[in-house]
Amino acid sequence: MARSVFRFLSRQPDYPELADGTLVLRLPDYGDFRQWHRLRHASRAFLQPWEPTWRSDELTEASFRVRVSRNRQEYASGLSVPLFIFDSRDMTLLGGITIGHIRKGAAQNCMIGYWMGAVHAGKGHMFAAVRLVIPYIFEGLRLHRIEAACIPDNERSIRLLEKSGFEREGLLRKYLKINGEWRDHLMFSLIAENDRQDGRSASS
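Printed below as a string of structure tokens:
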């Protein structure tokens with residue numbers, strides 16, 4: 001497998017931006033609302049089976065602004081790194097990937113979650129985004145373990161995680177309330193040492 005290449009850019013001194021020549025990953029900005037709204041609205045039927053129930057104000061600009069503010073607060077607090085995924089050629093919004101539940105101390109781990117717009121799915125964009133955030137997590141954030149959970153019948157997500165080097169650990173019963181129902185999830189993980197041994201970790 002080709003090794004991912006990442007570089008750290010800087011829109012603002014405190015905000016990360018990851019790029020590999022094809023994708024740009026950065027924190028959401030208020031100016032992203034129109035693109036985000038169009039993509040999420042068009043992808044609703046595609047995304048809802050795998051996400052918590054959308055609120056009645058889910059796609060409003062006011063809700064989006066609250067989301068962006070919360071994202072910045074959580075990033076500043078070291079709790080998460082929520083990133084939008086853009087095509088580097090024209091900065092078209094493709095989807096999102098969040099490095100969340102960051103724990104330091106003895107744990108040194110996090111959990112990733114992601115979504116892709118329906119029109120952009122199945123084209124390798126999310127695989128590229130996952131491979132881009134892995135070295136950022138292990139080398140930039142200096143964490144030891146990445147976790148990801150997905151519904152057992154989400155075959156697309158399972159293939160993505162396994163292709164990215166994650167290993168299946170077990171079943172989490174009634175783990176998250178998804179689309180109005182408590183759903184079992186499969187737990188996957190990637191350990192820093194294993195990623196390096198497999199030759200997937202990027203050098204800066």
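For the sequence shown, position 117 (counting from the first letter as 1) is numbered 117 according to the UniProt record's numbering, and the numbering increases by one without interruption.
In this text, a Cβ means the ideal position worked out from N, Cα and C, and glycines have one as well.
These numbers come from a predicted model, not from an experiment.
On the three-state DSSP scale, how would you describe residue 55? One-based indexing of the sequence shown puts residue 55 at position 55. If DSSP states are grouped into helix, strand and coil, residue 55 belongs with coil.
Measure from the alpha carbon of residue 51 to the alpha carbon of each residue in 69, 140, 167, 154, then state which is nearest. On the sequence shown, residue 51 is found 51 positions in, with the first residue counted as 1. Ranking 69, 140, 167, 154 by Cα distance to residue 51 puts 154 first.
Pairwise C-alpha distance: residue 179 and residue 102: In the sequence shown, residue 102 corresponds to position 102, counting from 1. In the sequence shown, residue 179 corresponds to position 179, counting from 1. Cα to Cα, residue 102 sits roughly 25 Å from residue 179.
Using only the alpha-carbon positions, how far apart do residue 111 and residue 29 sit? Residue mapping note: residue 111 aligns to position 111 of the sequence shown, counting from 1. Residue mapping note: residue 29 aligns to position 29 of the sequence shown, counting from 1. So the alpha carbons of these two residues sit roughly 22 Å apart.
Let me know the secondary structure DSSP gives residue 15 once reduced to three states. In the sequence shown, residue 15 corresponds to position 15, counting from 1. The answer is coil: DSSP assigns residue 15 none of H, G, I, E or B.
Pick from 186, 37, 55: whose alpha carbon is nearest that of residue 95? The residue labelled residue 95 in the question sits at position 95 within the sequence shown. The shortest C-alpha separation from residue 95 is found at 37.
How would you call residue 16, buried or exposed, if buried means at least 16 neighbouring beta carbons within 10 angstroms? Reading the sequence shown from its first residue, position 16 is the one you call residue 16. Using a 10 angstroms sphere on the CB of residue 16, the tally of other CB atoms reaches 16 or more, which defines it as buried.
Does residue 154 come out as helix, strand or coil in the three-state DSSP assignment? Taking the sequence shown and counting its residues from 1, the one referred to as residue 154 is at position 154. DSSP places residue 154 in coil when its eight states are reduced to three.
Length of the line joining the Cα atoms of residue 145 and residue 109: Walking along the sequence shown from the start, residue 145 turns up at place 145. Walking along the sequence shown from the start, residue 109 turns up at place 109. Roughly 5 Å separates the two Cα atoms.
Continuous alpha helix (DSSP H) stretch holding residue 75: start and end: Counting from one through the sequence shown, the residue named residue 75 turns up at place 75. It spans 61 to 76 - the alpha helix (DSSP H) in which residue 75 sits, taken as one unbroken run.
Would you give the residue range spanned by the beta strand (DSSP E) that residue 168 belongs to? For the purposes of this step, residue 168 is identified with residue 168 of the sequence shown, where counting begins at 1. Residues 167 to 178.
Quick one: Cα of residue 165 to Cα of residue 57, how far? Here residue 165 is taken as the residue at index 165 of the sequence shown, counted from 1. Here residue 57 is taken as the residue at index 57 of the sequence shown, counted from 1. Those two C-alpha atoms are separated by around 37 Å.
Would you mind giving the Cβ-Cβ distance between residue 129 and residue 188, rounded to the nearest angstrom? I have them listed as a contact below 8 Å. Taking the first residue of the sequence shown as 1, we reach residue 129 at position 129. Taking the first residue of the sequence shown as 1, we reach residue 188 at position 188. Contact doesn't hold; Cβ gap of about 16 Å is too wide.
Within the same chain, show all residues whose beta-carbon is closer than 6 Å to that of residue 190, passing over the 5 residues directly before and after it, in chain order. To locate residue 190, count along the sequence shown from 1; it is residue 190. Scanning its chain for C-beta atoms nearer than 6 Å, with the 5 sequence neighbours on each side dropped, one finds around residue 190 the residues 146, 165, 166, in chain order.
Looking at the strands, I want to know which residues DSSP matches up with residue 26. As a first step, residue 26 must be located in the sequence shown, where it is residue number 26. Residue 26 is bridged to 17, 84.
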